[in-house]
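Peer 1: Have a look at this one before I ask anything.
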């Protein structure tokens, strides 16, 4: 096992669902096994950092998690799974089959791009930061765009149309909720430390639910130009019972996404446990 640092650096995104969940932990309002220092970055950066093992505890997309399972294990709390939460493919007008077309993607290690390739295996991908996707579609630089986060609430303002809801596609295919993001801890941390961090993350979310006003200024600080109603809709959509504990159904959903990722050659198989277990 690794030597414990004095402070645990916790990586998560600027998005309202993450700042809502982690505010209490960051602010020291709930117990933690070690002091926690926030490291806020976009999810693609956090995905990239995880391949290097840079942070001991970090938010990551499930697609990226499948590539670093030798180094990290997912907490049961703090993640994003659900129904009606999937990424969207948007276009400027009606387009049929996207195979052979160019689609803007927010990153190779996003769950969104994995789903895109499951539906359209011959699509051409142009990668860019997630907030640049809609403008690229708007300008006609790509045939379609893969949008995530708050963009699913604002794409009509850009004159764009929904081509396909990838979350609805997944639910129709599997009957399961869609796994989007997980909170990982390094496997070289002791099992009791891993579980203590799971308890702390869950406690942070429980505090946020019990004291919704406590985190509002923190969420607003990092929500850029997002309108208040969009900010709240973002939280309501991405934070749910699966965020408290992934549960049996959520576990099956992650197992199925992993199986499909392995089947299409996106990642290698692994026999390691997907989630932390209580010692």
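In this note's numbering, the protein residues as written are 54 to 332. All C-beta atoms in this analysis are idealised placements derived from N, C-alpha and C, irrespective of residue type, glycine included.
What's the C-alpha gap between residue 331 and residue 119?
Peer 2: What you label residue 331 is simply residue 278 of the chain shown in a count that begins at 1. What you label residue 119 is simply residue 66 of the chain shown in a count that begins at 1. Going from the Cα of residue 331 to the Cα of residue 119 covers about 22 Å.
Peer 1: Let me check understanding here. Comparing Cα to Cα, which of 163, 256, 284, 259 lies closest to residue 6?
Peer 2: The structure shown does not extend to residue 6, since the chain is modelled only from 54 through 332, so no value can be given for it.
Peer 1: With a threshold of 8 Å, are at least 3 pairs of Cβ atoms found where one atom belongs to the stretch 290 to 301 and the other to the stretch 84 to 94?
Peer 2: Short answer: they don't touch.
Peer 1: Contact defined as beta carbons within less than 8 Å: I believe residue 154 pairs with residue 218. What is the distance between those atoms, to the nearest angstrom?
Peer 2: Residue numbering aside, residue 154 sits at position 101 when the chain shown is read from its first letter. Residue numbering aside, residue 218 sits at position 165 when the chain shown is read from its first letter. Not really, about 18 Å apart at Cβ, beyond 8 Å.
Peer 1: With burial defined as no fewer than 16 other Cβ atoms inside 10 Å of the residue's Cβ, what is the status of residue 176: buried or exposed?
Peer 2: Here residue 176 refers to the residue found at position 123 when the chain shown is read from its first residue. It counts as buried.
Peer 1: What would DSSP say about residue 180, mapped onto helix, strand or coil?
Peer 2: Position 127 of the chain shown holds residue 180. Here residue 180 sits in strand by DSSP.
Peer 1: Taking 7 Å as the cut-off, decide whether the C-beta atoms of residue 216 and residue 191 are in contact.
Peer 2: By one-based count along the chain shown, residue 216 stands at place 163. By one-based count along the chain shown, residue 191 stands at place 138. Going by C-beta atoms, residue 216 is not nearer than 7 Å to residue 191.
Peer 1: To the nearest angstrom, report how far apart residue 103 and residue 281 are at their CA atoms.
Peer 2: Locating residue 103 in the chain shown gives position 50, counting from the first residue. Locating residue 281 in the chain shown gives position 228, counting from the first residue. Using only the alpha carbons, I get a separation of about 31 Å.
Peer 1: Let me check one thing: in DSSP terms, what residues is residue 216 bridge-paired to?
Peer 2: Taking the chain shown and counting its residues from 1, the one referred to as residue 216 is at position 163. None; residue 216 has no bridge partner.
Peer 1: Exposed or buried, what is residue 262 when buried is set at 16 or more other beta-carbons lying within 10 Å of its beta-carbon?
Peer 2: Counted from its first residue, the chain shown places residue 262 at position 209. It is exposed - the Cβ of residue 262 has fewer than 16 other Cβ atoms within 10 Å.
Peer 1: Given this structure, state the Cα-to-Cα distance separating residue 248 from residue 158, to the nearest angstrom.
Peer 2: Sequence index remark: in the chain shown, residue 248 carries index 195 (1-based). Sequence index remark: in the chain shown, residue 158 carries index 105 (1-based). If you take the alpha carbons of residue 248 and residue 158, they lie about 34 Å apart.
Peer 1: Leaving out the 5 sequence neighbours to the left and right, which residues in its chain are closer than 8 Å to residue 213 when beta-carbon positions are compared?
Peer 2: The residue given as residue 213 occupies position 160 in the chain shown. The residues are 143, 144, 145, 187, 190, 191, 198.
Peer 1: Between which two residues does the alpha helix (DSSP H) holding residue 252 run?
Peer 2: For the purposes of this step, residue 252 is taken as residue 199 along the chain shown, with counting starting at 1. That run of the alpha helix (DSSP H) goes 244 to 263.
Peer 1: Could you tell me if residue 308 is buried or exposed, where buried requires 16 or more neighbouring beta carbons within 10 angstroms of its beta carbon?
Peer 2: Here residue 308 refers to the residue found at position 255 of the chain shown. Residue 308 comes out exposed.
Peer 1: Report the rounded CA-to-CA distance for residue 327 versus residue 127, giving the unit in angstroms.
Peer 2: Here residue 327 refers to the residue found at position 274 when the chain shown is read from its first residue. Here residue 127 refers to the residue found at position 74 when the chain shown is read from its first residue. Near 6 Å, if we compare the C-alpha coordinates of residue 127 and residue 327.
Peer 1: Provide the residue span of the beta strand (DSSP E) that contains residue 211, from first to last.
Peer 2: Counting from 1 along the chain shown, the entry for residue 211 is found at position 158. Residue 211 -> no beta strand (DSSP E), and no H or E assigned at all.
Peer 1: Report buried or exposed for residue 243, applying the criterion of at least 16 other Cβ atoms within 10 angstroms of its Cβ.
Peer 2: In the chain shown, the residue the question calls residue 243 occupies position 190. Exposed, since its Cβ has fewer than 16 Cβ neighbours within 10 Å.
Peer 1: In terms of residues, what are the limits of the beta strand (DSSP E) holding residue 169?
Peer 2: By 1-based counting over the chain shown, the position of residue 169 is 116. Where residue 169 is concerned, there is no enclosing beta strand (DSSP E), although the alpha helix (DSSP H) it sits in stretches over 164 to 172.
Peer 1: Are residue 230 and residue 324 closer than 7 Å when you measure CB to CB?
Peer 2: Numbered from 1 along the chain shown, position 177 holds the residue referred to as residue 230. Numbered from 1 along the chain shown, position 271 holds the residue referred to as residue 324. No.
Peer 1: Note down the Cα distance separating residue 123 from residue 147, rounded to an integer number of angstroms.
Peer 2: Taking the first residue of the chain shown as position 1, residue 123 is located at position 70. Taking the first residue of the chain shown as position 1, residue 147 is located at position 94. Each residue's alpha carbon lies about 43 Å from the other.
Peer 1: Would you mind working out which of 265, 220, 228, 297 sits nearest residue 168, comparing C-alpha positions?
Peer 2: Numbered from its first residue, the chain shown carries residue 168 at position 115. With distances taken between Cα atoms, residue 168 lies closest to 220.
Peer 1: Leaving out five residues on either side along the sequence, give the residues of the same chain with a beta carbon under 6 Å from the beta carbon of residue 72.
Peer 2: Within the chain shown, numbered from 1, the residue matching residue 72 stands at position 19. Excluding positions up to five away in sequence, the list reads 271, 272, 275.
Peer 1: Let me check understanding here. Comparing Cα to Cα, which of 257, 59, 77, 133 lies closest to residue 306?
Peer 2: In the chain shown, residue 306 corresponds to position 253, counting from 1. Nearest option by C-alpha distance: 133.
Peer 1: Using only alpha-carbon positions, find the residue among 69, 130, 80 that is nearest to residue 238.
Peer 2: Numbered from its first residue, the chain shown carries residue 238 at position 185. Among 69, 130, 80, the Cα nearest to that of residue 238 belongs to 130.
Peer 1: From residue 206 to residue 138, what does the alpha carbon distance come to, in whole angstroms?
Peer 2: Position 153 of the chain shown, counting from 1, holds the residue named residue 206. Position 85 of the chain shown, counting from 1, holds the residue named residue 138. Answer to the nearest angstrom: the Cα atoms are 11 Å apart.
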